[in-house]
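One structure below.
In this note's numbering, the protein residues as written are 1 to 134.
As structure tokens, this is what we get:
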């Protein structure tokens, strides 16, 4: 069991911020933002307002996610193990779990691929950062 007092909390915070920044690029119009909006039937007007609350809440959730991943991979992980464990968590648990939900929600494969791809890359990146800073 991981001794939580031994976790590198700066690494946890940096991993969370990296995921936050990845999301700002991933869902930007120049990457997958337009396709994601189309998959959700969103217009620009639909997305106006409330962004401070959404972004603040997202950052808090990402800190918790990074903390959980750090506790999962432990304090002896290296960058390689961290990235592999992050990928396993991101794809094997998050993306595939979302896939089950998206099937029942009747969401498109494209919508799933955008969201699941983000989480897979985000967890892989977080794991690599956490492993590098053991």
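Quick reminder that beta carbons are idealized off the backbone N, C-alpha and C, glycines included.
In whole angstroms, what separates the C-alpha of residue i from that of residue j?
i: residue 126; j: residue 54; result: 21 angstroms
i: residue 107; j: residue 7; result: 38 angstroms
i: residue 58; j: residue 26; result: 14 angstroms
i: residue 86; j: residue 69; result: 7 angstroms
i: residue 40; j: residue 116; result: 15 angstroms
i: residue 4; j: residue 74; result: 9 angstroms
i: residue 91; j: residue 80; result: 16 angstroms
Would residue i and residue j be called neighbours here (beta carbons separated by less than 8 angstroms)?
i: residue 16; j: residue 66; result: yes
i: residue 112; j: residue 11; result: no
i: residue 123; j: residue 89; result: yes
i: residue 83; j: residue 119; result: no
i: residue 110; j: residue 35; result: yes
i: residue 77; j: residue 130; result: yes
i: residue 2; j: residue 62; result: no
Where does the unbroken alpha helix (DSSP H) through residue i begin, and where does it stop?
i: residue 9; result: 9 to 26
i: residue 40; result: 33 to 40
i: residue 30; result: Element bounds for residue 30: n/a, residue is neither H nor E.
i: residue 46; result: Premise fails: residue 46 is in no alpha helix (DSSP H) and is neither H nor E.
i: residue 79; result: 79 to 87
i: residue 103; result: 96 to 104
i: residue 112; result: 109 to 132
Just checking my contact of residue i with residue j at CB under 8 angstroms: how many whole Å lie between their CB atoms?
i: residue 114; j: residue 32; result: 5 angstroms
i: residue 100; j: residue 22; result: Going by Cβ atoms, the distance from residue 100 to residue 22 rounds to 24 angstroms, so no, they are not a contact pair.
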